[in-house]
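Working notes, beginning with the structure itself.
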Amino acid sequence: MALTVVAVVGTACASPRASTTSTGSRTPIPKTELSPGCAHRSRVGGVRTGGEQTQTLDAGAVNGSYELSVPGAYRPQHPTALILLFYGFGSDPTQFSALTGLPRRGSKDGYLVAVPHTQAGESEWQFNGHGTDAAFVDALVVSLERSYCVDKSDIFAVGFSAGAAFTVAYSCAHQSQIAAIATVAVEFQLGCTRPMSILAFHGTEDPLVPYQNGAIGLSLPGIKVRGTELNMGDWARLDRCRTTARSARIGSQVVRQQWSGCVDRTSVGLYTILGGGHSWPGADQASAIGLTTEQINATSLVLSLFSRTRSTAHYLGGSEE
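So the sequence shown is numbered by my numbering: it starts at 4 and just counts up by one.
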């Protein structure tokens with residue numbers, strides 16, 4: 004299934020460097036912070052265990068729909084991590100879930116996975132951590148925390164293209180809530196002020212959001228972007244990692260870079276797909292320029308990062324990859 008993306012970000016040229024606290028650390032989160040839903044003795048959410056279903060949410064000022072996947076091993080009063088997944092321009096929750104396989108894989112590994120729709124059925128996310136899209140996500144998280152037993156210190160965000168830009172903007176505006184993020188095709192540092200773990204993926208031949216510094220992509224006509232490796236350097240400095248990344252070739256088309264020594268157990272990593280275009284690695288084979296699932300699969304790597312990041316051993320089934 005192809006994913007058409009026409010426009011990506013509204014801010015790309017100057018990736019601002021936000022100041023950190025004197026210690027460079029974020030406010031400590033309790034080891035396991037349980038949501039109100041953990042007080043329920045029986046399941047109260049609208050989706051059966053092991054199921055995936057479209058749900059609606061009316062929160063007064065904001066309302067909309069989302070797809071929710073619930074682990075087959077979900078049990079009330081058992082703290083469960085939550086993944087928020089944001090699709091790219093022109094897509095929707097159903098298409099993107101099928102493309103990435105992340106809701107199915109994530110729920111198998113013990114995560115609640117929610118894929119929100121943009122507000123008012125729009126195909127483009129607002130690149131604003133406090134707009135109506137963000138308000139809907141806020142309301143969605145509150146609703147899920149009331150209906151399910153969510154470990155509030157294990158909430159993660161993932162996005163592709165425009166959804167990746169929203170992932171960064173939203174997460175940077177909610178750093179006390181989001182434990183780590185993963186992005187594909189967009190990794191601009193949009194306002195984080197404290198360390199944040201990030202795993203990024205970007206193709207060197209992306210025509211919409213160029214990998215190269217100073218290049219102009221189809222998504223931002225006339226605007227020179229800040230290059231991917233400079234963006235990742237911004238994240239490494241924010242997380243106070245070592246200046247130079249460790250680099251390893253893990254396939255004929257893939258280079259992995261990892262910055263070590265980051266504070267607060269944060270992690271900064273980048274997978275560069277040599278010759279790769281504007282696609283989710285390992286999923287959209289038609290536009291991945293010969294890239295094979297055997298070389299790299301973004302979904303598996305994202306779930307592996309979140310598994311390592313989790314603050315509690317209380318997770319439901321599945322195996323790390």
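Where a beta carbon is used, it is the ideal one built from N, C-alpha and C, also for glycine.
Nothing here was measured: the structure is a model prediction, and the numbers come from that model.
Is residue i a contact residue of the ligand GDP, with contact defined as CB to any heavy atom under 6 Å?
i    : result
H133 : Of ligands this structure carries none, so the ligand GDP is not represented either.
Helix, strand or coil: how does DSSP classify residue i here?
i    : result
P119 : strand
V95  : Sequence check: residue 95 is Asp here, not Val. D95 falls in the coil class under three-state DSSP.
W283 : coil
Y77  : coil
A188 : coil
V50  : coil
T14  : Only weak support is given to the placement of T14: the predicted model assigns it a pLDDT of 37, under 50, and the question is left unresolved by the model.
S68  : strand
T269 : coil
F204 : strand
L102 : helix
D141 : helix
D2   : With the chain represented from 4 up to 324, any question about residue 2 goes unanswered, as that position is not in the structure.
Under the rule that 16 or more other beta-carbon atoms within 10 Å means buried, what is residue i, buried or exposed?
i    : result
Q129 : buried
S250 : exposed
A168 : buried
T296 : Low confidence applies to T296: its pLDDT is 44, below 50, so where it sits in the model is not reliable, and the reading given next is rough at best. Exposed, because fewer than 16 other Cβ atoms sit within 10 Å of the Cβ of T296.
Candidates the options: which alpha carbon is nearest residue i's?
i    : options                   : result
D61  : G220, L147 and K227       : L147
D154 : V161, G162 and V144       : V144
T207 : Q180, Y151 and G279       : G279
L115 : G104, Y90, I158 and F99   : I158
V271 : S100, A160, M235 and S222 : M235
So, for residue i: in the same chain, excluding its five sequence neighbours on each side, which residues have a beta-carbon less than 6 Å away from its beta-carbon?
i    : result
F139 : V65, G67 and Q122
R149 : P39 and G40
G230 : Q215 and N216
T52  : V73, G75 and Y77
L85  : L115, V153 and I158
T302 : T103, G104, L105 and R108
A183 : F159, S200 and T312
R259 : A251, I253 and Y274
Fully enclosed by the region 224 to 263, which alpha helix (DSSP H) runs are 4 residues long or longer?
231 to 241
For the region 144 to 197, which segments carrying the beta strand (DSSP E) assignment without a break, of at least 3 residues, lie completely within its bounds, in sequence order?
153 to 163 and 183 to 187
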